[in-house]
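Order-wise, the sequence lines are chains A, B and C.
My numbering applies: residue 39 is where the first sequence begins, and numbers increase by one.
My numbering applies: residue 17 is where the second sequence begins, and numbers increase by one.
My numbering applies: residue 583 is where the third sequence begins, and numbers increase by one.
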Amino acid sequence: MSKQLISVRINDELFEGEVEPRKTLADFIREDCTLTGTHLACEHGVCGACTILLDGEAVRSCLMFAVQADGASLTTLEGLAPEGGPMTPVQQGFMEHHGLQCGFCTPGFVISAHAFLRDHPDPTEEEIREGLSGNLCRCTGYQGIVRAVQRAAEITREDVTA
Amino acid sequence: MSTVEKPSAARFVGARVQRREDPRLLSGHGQYIDDVRLPGMLHATFVRSPLARARIVAIDLEHALAVPGVVAIWDGSALNGDAATPLWDWAGEGTPFPEVRALAEGDVRFAGDPVAIVIARDRYVAEDAAELVDVEYEPLQAVVGRELAEASTGRAHDGIDTNVAWSAASPTDPALEAAFAASAHVITETFRQQRHVNVPMEPRGLVAHWERGAEQLTVYASSQNPHQDREYFARVMGLPEHHVRVIMRDVGGGFGQKIFRTREETAVALASRRLGRPVKWIEDRQENLMAANHARDEQMTLRVGVDADGVITAIHASHLADVGAYPLMPAMMPGFMALEVLPGPYRFARYGWAGKSVFTNTSGISAYRGPWMMETVAREIMMDVVAREIGVDPAEIRRRNVIQTEDLPYTTPTGREYDRISPAQTLEAALEEIGYERFREEQARARAEGRYLGLGISTYIEPTAGAQGPTGIEAATVRVEPSGKVNVLMGTGSHGHSLETTMVQVVADQLGVPIEDVRLLQGDTAVSPYGGGTAGSRSAVIAGGVARISAIKLREKVLELAGHLLEAAAADLEIEDGTITVKGSPGSSIAFADVARIAYYDPSRLPEGMEPGLESTSRYSAPPATYANSTQVCTCEVDVATGEVRLLDYVVGEDCGVMINPMVVEGQIAGGVAQGIGGALLEHLAYDETGNPLAITFKDYLLPTTEDVPDIRYVHVETPSNTPGGHKGVGEGGAIGAPAAIVNAVADALAPLGVRVTSQPLSPDRVLAMIDDARSA
Amino acid sequence: MRLEDEFAVAAPIQEVYATILDVERVTGCVPGAELLGNDGDVHNVGIRVKVGPISMQYRGDVEIVERDEAAHTAKMRVKGREVRGQGTVEATAQLRLSEDGSTTRGAIEVEVALSGRAASMGQGAIQDVSSKLVGRFARNLARMLEADGAAAAGAAGAAGAPAGEPLSSDPAAAAAQVEREVRDEDENAISGREIVGAVVRGRLSSPLVSAGLAGVTLGLLGFLLGRRAG
């Protein structure tokens, strides 16, 4: 199968590579770029574990081909907080409220929560539940996740007012 | 609510300590199985049978082998012979079991049965080739459906001339029949539970690496149980155990599905040895739903006798389980365990049982969070049926039967010995927290308005930390390194259970060091002592127990050495925050790190006869079971126009003994409750009558989402167990209790319509059908 | 599983019956179908069922096991398997034509045993694919008859779609024409957001009775193939 040259900026680093047109964006990120923080749990667009930010929008990287991301700028879980630097409010909220157990769905939840809070800085619990209903977790019963997002909104407000 | 007195030194045990695992997992630096990459690694995929039961007439590999990048393709006849033994064999007297081989050979026995393994340079190529493997099948009659299997003219397995895998019953007991005859009411009902799948978010997978020079198999496993994996691979591959190393790093959930290694994983290991190269296999979701092991798929008929007041006089339970084609545990397990645990939290003397398991041409059954939980489903729904029938309030009927503290110690009719449990307390605590009386008033008002609210109760005793054979003991090596930092080495297999936090809490408390100074190393058979892994709600009890024992032993040595150095008696010393001080003499102290350095580097300063170094290994053999108890209460509203069930409030009253970390305890409960909600309302791995699985995507196999699981509240009762630390297990309880609570809530809501609820899932279409049936009855 | 479909063609019944049993000609009316060879009443046929971005390709034998020209009925037996993949299909199809004024009505009853990924989509999805195929088939059949000059007017397909330009009377050319049109029709990619919405809506039913959600299931079919896509 003929390959296509693409260049994608991920977490502010430029990745160039030759990929088969059928290669999914998720596989490109994980295999070609060795950024394994993005997880695959269904590969048919339902569970949301593979969610990343593509030009700022939350997308499911298992439903896109890598060639469709040519020229785009992506953020994965690894790129949310600076290496060794402080966690983002969302990550902090997940830590404080036990928003993860096995951690496999976590990349998708954290990325989705980032996109959600950008659009809903002061969400109600109901809005959080609706906003994250496209991500599946099998460990937490979502208790800690909902609270984590509430806490993240709170931290963000504190940071703004501080 | 009672609380335990904690040892005065305790600073971490009992606290909501944030997880040590989280920074790594939240930054994308976990190491899951698909993140493992080795030089020269190849990728495997499987050709699977599309048919539930068929003869394999011919397999043509020609086109598949011609795909560039394909390294090898083997079918069963080519690869199975590499295994030294059947992969597992649960055959016994009167309990036949099929020969389990890595790949199907000659015939296929469920849709998804692996027929050939394809190894290629990448997964895309492997899947391309797998599609081109040409298998000719001659369809045979498939055995499908637990209630049809026994009478089916088809046979699930060649060579086993029955589909009954196990059948047993308690001896005829005239006293039991006499008790029924003397009962004011005898009520019989059958409860059904559909097939579930554990659905860890990370599907199965492994990397097997046959290292030619060392003649060693190294397996990177997505497992719950590295040491049992080592034993397994050594046995089936005919290797000495010390030439097998199993490493599990982060594991994306298991819930029982990853306790045992499976046929595909074995095929990958065999392939790696043949090729002398690392081979990776990562299952996709469809394979996981189709061919990884399933759970539940059972029914139980209860005959319950009660006196005029609703006090239970006798129970007979009969259980029927569909264990699929290749169950990963003995065919008797789901039924026998359920029947044996059934007496649960209630006092009654007369009990009889009968159990049967059948083979079918479906994916095999394995453990799933509380694999015996049909007993709670049947018993607790039955309690409500009886209550309704004889006109007693469902909370009241439980009060009249539940085991009280003054009954302890108490032995159940099946011989389980309870002590230090509190089922009456957790029942009352949960009812109080949900506001039982207030809800009844609200319900009455709602009914007057034509709205259907309901409340459901589920009370149960949870046997935790079942300790026997390979899971009977646990070991902990606590090692203070020369710098004073502490490594704890254990044979656990935490995969979401937070043991990297909780075990460290236990050890840090005993050694008196900051929690950051302690780290748990687990999941590598080359590093940790033999342990029973993480399953069966065992870790808090057995692993927590031995971590404590080992740390205490090491603490004694630290104090003896420190006393020697400070010229004080060990009994007069205390350790806090990394400093050892003579009690009452703050000036007389030594840093923990200095003691460690001296222990390793300056043997001349040790007391006479003391061995250098600071390390302790202990092993703990736990009692056969440690009992936790719980009551779950929930309320719901049923929309009788759409059939939708909405959970309104959810309370869990739980006694898991001394909590190491309440945040983790609540997380375990919540996750289990969510799985129970899934089972009660959404999840169903259905097969059609020919054995095609109908729910192999997340579109059809519905998991609960944020919108299905309500806010859960907890009431903790802490009755210490008699194990070190006083802990009890907590991993499975949520999933055990939730389905019955939800079914009871729905049945309560719809009681005015005469609806009887005896099966799950309560999906809107089924709820509407039940309402229709009741109306037309 | 049992599938039932109906169609109507504005053409005389004898004409329709003769055309349908002329496997070589009629293959061109079935979207994605291709006649690979004949052996008496046994015809080796390939068919590609295209759903969204994905096509499932089957190859097998169609045998006409009964024909009754007077009653305008026929029975066919189909046995095939996926060309790429492991799924199988076995079916018996009963065709019954009847006259309704100048229109010929056809009823098809199919008893089908499917395995593999098609089977896992459930009866609802299969019925949906089947109805779509029958609708297109009827429309194409009418156009073929029209091209022959035998049909007075257009077709009234099951889907109610108007007939397009007449179908070539050359089977190969007709097949190519049909395939082109089907491809154009099917080129409506499904976004992840729509899938998620569909899944949420789909939660109102159990897998055993997902008939009403056939469209959603079909959308997901595209992703059933995982890495096989493309």
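Glycine included, every Cβ here is placed at the ideal spot set by N, Cα and C.
inquiry  = Checking the sheet assignment: what are the DSSP bridge partners for residue 273 of chain B?
reply    = According to DSSP, which records beta bridges pairwise, residue 273 of chain B is partnered with nothing at all.
ask   = Starting from residue 47 of chain A and walking both ways along the alpha helix (DSSP H), at which residues does that stretch end?
value = Note, residue 47 of chain A: premise wrong, no alpha helix (DSSP H); beta strand (DSSP E) at 42-48.
task = For chain A, find out if any of its Cβ atoms is closer than 9 Å to the Cβ of residue 48 of chain B; answer yes or no.
result = At least one chain A Cβ lies under 9 Å of residue 48 of chain B.
query = Going by beta carbon distance, what residues of the same chain come within less than 8 Å of residue 605 of chain C, once the five residues before and after it are set aside?
reply = Hits under 8 Å: 617, 620, 625, 627, 644 and 646.
key: First and last residue of the uninterrupted alpha helix (DSSP H) at residue 569 of chain B   = 560-582
task = State the DSSP-derived secondary structure class of residue 201 of chain B, mapped to helix, strand or coil.
result = strand
inquiry  = Taking CB distances under 9 Å as the criterion, tell me whether residue 511 of chain B reaches chain A.
reply    = Interface with chain A (9 Å Cβ-Cβ cutoff): residue 511 of chain B is included.
request  = Determine the DSSP secondary structure at residue 316 of chain B, reduced to helix, strand or coil.
outcome  = In the structure shown, residue 316 of chain B sits in a strand (DSSP, three-state: E or B).
query = Do you know how far the Cα of residue 189 of chain B is from the Cα of residue 376 of chain B?
reply = 32 Å
task = Indicate whether the contact test is met: 3 or more Cβ pairs, each with one atom in the stretch 442-461 of chain B and one in the stretch 623-639 of chain B, closer than 8 Å.
result = no
ask   = What is the rounded straight-line gap between the Cα of residue 293 of chain B and the Cα of residue 260 of chain B?
value = 15 Å
message = Assuming residue 608 of chain C is part of the alpha helix (DSSP H), what are its boundary residues?
response = 605-608
ask   = Any C-beta of chain C sitting closer than 9 Å to the C-beta of residue 870 of chain B?
value = Not covered by the structure: residue 870 of chain B. The range shown for chain B is 17 to 793.
key: Within chain A, the residues that residue 715 of chain B reaches when beta carbons sit closer than 7 Å   = 84
inquiry  = Quick check: residue 529 of chain B and residue 455 of chain B, are their CB atoms within less than 9 Å of each other?
reply    = no
message = Applying the 10 Å Cβ sphere with the 16-neighbour rule, what's the burial state of residue 475 of chain B?
response = buried
key: Counted within 10 angstroms of its Cβ, other Cβ atoms place residue 153 of chain B as buried (16 or more) or exposed   = buried
request  = For the beta strand (DSSP E) containing residue 335 of chain B, list its first residue and its last residue.
outcome  = 328-340
inquiry  = Can you look up residue 776 of chain B in the DSSP assignment and give me helix, strand or coil?
reply    = coil
ask   = At what residues does the beta strand (DSSP E) containing residue 261 of chain B begin and finish?
value = Counting along the chain, residue 261 of chain B sits inside the beta strand (DSSP E) bounded by residues 260-263.
ask   = Do residue 217 of chain B and residue 176 of chain A have their CB atoms nearer than 9 Å?
value = Residue 217 of chain B is a Cβ neighbour of residue 176 of chain A, given a cutoff of 9 Å.
request  = Could you please give me the residues that DSSP links to residue 177 of chain A through a beta bridge?
outcome  = Beta-bridge pairing links residue 177 of chain A to no other residue.
ask   = For the stretch 432-520 of chain B, which segments carrying the alpha helix (DSSP H) assignment without a break, of at least 4 residues, lie completely within its bounds, in sequence order?
value = Assignment of alpha helix (DSSP H) within the stretch 432-520 of chain B, counting only whole runs of 4 or more residues, yields 439-450 and 452-464 in chain order.
ask   = Which residues bound the alpha helix (DSSP H) around residue 617 of chain B?
value = 608-617
ask   = Contact check, residue 519 of chain B vs residue 559 of chain B under 8 Å by CB: the rounded distance?
value = 6 Å
key: Residues in the stretch 647-668 of chain C having any Cβ partner in chain B nearer than 7 Å   = 666, 667 and 668
query = Which residues, in order along the stretch 134-157 of chain A, keep a beta-carbon less than 9 Å from a beta-carbon of chain B?
reply = 134, 135, 136, 137, 138, 139, 140, 141, 142, 143, 144, 145 and 148
message = Is it buried or exposed, residue 258 of chain B, if we count other Cβ atoms within 10 angstroms and call 16 or more buried?
response = So residue 258 of chain B ends up on the exposed side.
query = If you run the structure through DSSP and keep just helix, strand and coil, what is residue 745 of chain C?
reply = The pLDDT assigned to residue 745 of chain C is 46, lower than 50, so where the model puts this residue is not dependable; a value taken from the coordinates is nonetheless given after this. Coil at residue 745 of chain C, not helix or strand.
key: Beta-carbon separation (whole angstroms), residue 397 of chain B vs residue 760 of chain B, contact threshold 8 Å   = 6 Å
query = So, is the C-beta of residue 302 of chain B closer than 9 Å to a C-beta in chain C?
reply = yes
message = With H, G and I counted as helix, E and B as strand and the rest as coil, what does DSSP make of residue 414 of chain B?
response = helix
request  = Taking residue 778 of chain B as the reference, give the member of B:791, B:692 and B:431 with the closest Cα.
outcome  = Relative to residue 778 of chain B, the option among B:791, B:692 and B:431 whose CA is nearest is B:692.
ask   = How long is the line joining the alpha carbons of residue 247 of chain B and residue 489 of chain B, rounded to whole angstroms?
value = 16 Å
task = Just the C-alpha distance for residue 89 of chain B and residue 132 of chain B, rounded to the nearest angstrom, thanks.
result = 7 Å
ask   = Is it true that the stretch 212-232 of chain B meets the stretch 411-427 of chain B, where meeting means three or more beta-carbon pairs spaced less than 8 Å apart?
value = no
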